[in-house]
């Protein structure tokens, strides 16, 4: 069974959200549109809507994370779901329980959704293939493979500032090779029809087959940033590097660090994104990270709305006929 | 069923009724809030006729519906916009059709997540039979007695048109 099949139900609606790859522009646009309306919930005095009341969402984190886990947790709570946080590094798998046994136990507790983060690529797919039919799985990042909600919150942030994608030139800078974020961003940008996608980084940190993804590979930062509308910085992932990918962090910053001088090559109104956590002085200078063109903290806020949208879509597929969704002007 | 000029004259009368109601109740600075989509159209007309100072608010009650798990989410949901504090304010809630009352129940729940208004007054273009909840409008454009198979539909925003359709 292909990846595409497992993510969609028999009516073509999103059932799991494991990867952006293979999804239609319509589904990605639906996620962005739905997130737009959830963004106002954070402005209410009571920052909560009753949509997922009575549902139980389990954050299943096999790899540590603060921002992703807390924003998933906040998203679930703002939808009125109950949330369990399981940090698997410290749970019963360390007593020898297998992952499938743990899943069976969580199913027996009537969970409705698992948000999975794992350092192994494919972990979220594995779980999606083995859960009970009523359970939805959202990938919160798996190895070097995919981080779909991060990519969608980046798309949401870009769309809010820049409008439609078909006129945009976007650069992704840094460690493309190890980055699940970059992989998901490239798929999302290309499905949404971005005018041009460039990946910028040293040869050792760009996959050899990168150009087959429909991106332009550039090894010179200044040339690569020329005339772009958005700069998507990546974190240098020391923990995923096993060999000698880099000479030194200092030298990396000299060549690929984003500072005010290098950013001057982009369009004057270009925005700067970073998935966090940022390594100041390694991939990005503080004056850029904290500067007027940085939208890094907006990304965090937008991440809640985007995760609310995905959770509501996969759990709110309902079982009624298609036509029953409320139409403009329809009487009820 | 009702032509655009007829609806406009119904709305004129609703504006007069509403102005009189404000006088009776001593309401001087009401906040008008329309429910997406038809309610916003009607609220827009009333808002300009009454010359209200505060901007028009809008509510999309999709996230507060009691049938979400049955019908799912509509990606065409509009954001709710209440560009002011509603605490201790007199709210005029406007919708196109009052039928079961469930939409208004959801709208009240959403309103109270934004604050604690002094009062909420309901205004509807069409009040039809079929209430399932104890909800009543203070100002009504037209009353319709319909069977459960008949549905009122408001087309718009320009021109506004009301029609009754029969479901199979």
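Residue numbers (this note's numbering), protein chains in the order written: chain A, 1 to 332; chain B, 1001 to 1168. Just so it is clear, CB atoms sit at the ideal spot from N, CA and C, and this is done for glycine as well.
List the residues of chain B that residue i touches, going by C-beta distances under 8 Å, in chain order.
i: residue 316 (chain A); result: 1068, 1069, 1072, 1073
i: residue 34 (chain A); result: 1073, 1075, 1077
i: residue 30 (chain A); result: 1075
Whole-angstrom Cβ separation of residue i and residue j, contact assumed at under 8 Å?
i: residue 170 (chain A); j: residue 197 (chain A); result: 6 Å
i: residue 1145 (chain B); j: residue 1129 (chain B); result: 5 Å
i: residue 62 (chain A); j: residue 119 (chain A); result: 7 Å
i: residue 1035 (chain B); j: residue 1160 (chain B); result: That pair is no contact at about 15 Å.
i: residue 303 (chain A); j: residue 234 (chain A); result: With 8 Å as the limit, residue 303 (chain A) and residue 234 (chain A) do not qualify as a contact, their Cβ atoms being about 16 Å apart.
i: residue 28 (chain A); j: residue 158 (chain A); result: At roughly 12 Å, the Cβ-Cβ gap does not stay under 8 Å, so residue 28 (chain A) and residue 158 (chain A) are not in contact.
i: residue 148 (chain A); j: residue 19 (chain A); result: 6 Å
i: residue 1158 (chain B); j: residue 1125 (chain B); result: Not quite, the Cβ-Cβ distance comes to about 15 Å (not below 8 Å), so this is no contact.
i: residue 1059 (chain B); j: residue 1032 (chain B); result: With a Cβ gap of about 11 Å, residue 1059 (chain B) and residue 1032 (chain B) do not count as contacting.
i: residue 44 (chain A); j: residue 1113 (chain B); result: 5 Å
Residue i touches chain A at which residues, Cβ-Cβ below 8 Å?
i: residue 1029 (chain B); result: Those within 8 Å of residue 1029 (chain B) in chain A number zero; the least Cβ separation is about 20 Å.
i: residue 1017 (chain B); result: None at all; the shortest Cβ gap to chain A is about 22 Å.
i: residue 1060 (chain B); result: 37
Grab me the residues of residue i's own chain with a C-beta within less than 6 Å of its C-beta, minus the 5 sequence neighbours each way, in chain order.
i: residue 57 (chain A); result: 76, 81, 83, 113
i: residue 152 (chain A); result: 31, 306
i: residue 39 (chain A); result: 305
i: residue 321 (chain A); result: At residue 321 (chain A), the pLDDT of 38 sits below 50, so the modelled position is not reliable; the number obtained from the coordinates is stated separately. So no residue of the chain qualifies.
i: residue 219 (chain A); result: none
i: residue 332 (chain A); result: Note on residue 332 (chain A): pLDDT 43, under 50, position unreliable in the model; no value is reported.
i: residue 213 (chain A); result: 186
i: residue 7 (chain A); result: 16, 18
i: residue 35 (chain A); result: 156, 305, 306, 309
Near residue i, what residues of its chain come up, given a Cβ to Cβ distance below 7 Å and the 5 sequence neighbours on each side ignored?
i: residue 79 (chain A); result: 49, 51, 52, 308, 311, 312
i: residue 177 (chain A); result: 205, 206, 207
i: residue 194 (chain A); result: 165, 168, 170
i: residue 262 (chain A); result: 221, 222, 225
i: residue 1223 (chain B); result: Chain B is shown only over 1001 to 1168; residue 1223 (chain B) falls outside these bounds and no answer can be derived.
i: residue 117 (chain A); result: 61, 62, 63, 65, 68, 140, 141
Against residue i, what residues of chain A qualify as contacts under a CB-to-CB distance less than 7 Å, listed in chain order?
i: residue 1063 (chain B); result: 49, 51
i: residue 1084 (chain B); result: Those do not exist, as residue 1084 (chain B) stays about 12 Å from chain A at its closest Cβ, beyond 7 Å.
i: residue 1080 (chain B); result: 40
Since residue i meets chain D, which of its residues come closer than 9 Å, beta carbon to beta carbon?
i: residue 44 (chain A); result: Structure shown: chain D not included; protein chains present are A and B.
For a contact defined as C-beta to C-beta under 7 Å, what are the partners of residue i on chain B?
i: residue 313 (chain A); result: 1073
Quick one: what's got a C-beta closer than 8 Å to residue i's C-beta in the same chain, skipping five residues either side?
i: residue 131 (chain A); result: 103, 107, 114, 137
i: residue 1164 (chain B); result: 1001, 1144, 1146, 1150, 1151, 1152, 1153
i: residue 1135 (chain B); result: 1098, 1101, 1104, 1105, 1122
i: residue 1054 (chain B); result: 1029, 1030, 1031, 1032, 1084
Quiz prompt | Segment contact flag, the segment 277 to 291 of chain A with the segment 13 to 25 of chain A, C-beta cutoff 8 Å, min 3 pairs | solution = no
Practice problem: Name, going along the chain, the residues of the segment 1114 to 1132 of chain B whose beta-carbon falls closer than 9 Å to a beta-carbon of chain A. | Solution: 1114, 1115, 1116, 1126, 1128
Practice problem: May I ask you to verify whether the segment 133 to 147 of chain A touches the segment 193 to 209 of chain A, counting CB pairs closer than 8 Å and requiring at least 3? | Solution: No, they do not touch.
Quiz item: Between the segment 1002 to 1014 of chain B and the segment 1138 to 1155 of chain B, are three or more C-beta pairs nearer than 8 Å?
Solution: yes
Practice problem: Using a Cβ-Cβ cut-off of less than 7 Å, list which residues of the segment 268 to 299 of chain A approach chain B; keep chain order. | Solution: none
Quiz item: With a cut-off of 8 Å, do at least 3 Cβ pairs link the segment 1083 to 1103 of chain B to the segment 1120 to 1128 of chain B?
Solution: yes
Quiz prompt | Interface positions of the segment 101 to 115 of chain A facing chain B (Cβ-Cβ less than 8 Å), listed along the chain | solution = none
Exercise. Specify whether the segment 1012 to 1026 of chain B and the segment 1040 to 1058 of chain B touch according to this definition: at least 3 beta carbon pairs, one from each stretch, less than 8 Å apart.
Key: A contact is defined here as three or more CB-CB pairs under 8 Å, and the segment 1012 to 1026 of chain B meets this definition with respect to the segment 1040 to 1058 of chain B.
Quiz item: Does the segment 1103 to 1111 of chain B come within contact of the segment 1067 to 1076 of chain B, defined as at least 3 CB pairs closer than 8 Å?
Solution: Under the Cβ criterion (8 Å, minimum of three pairs), the segment 1103 to 1111 of chain B does not count as touching the segment 1067 to 1076 of chain B.
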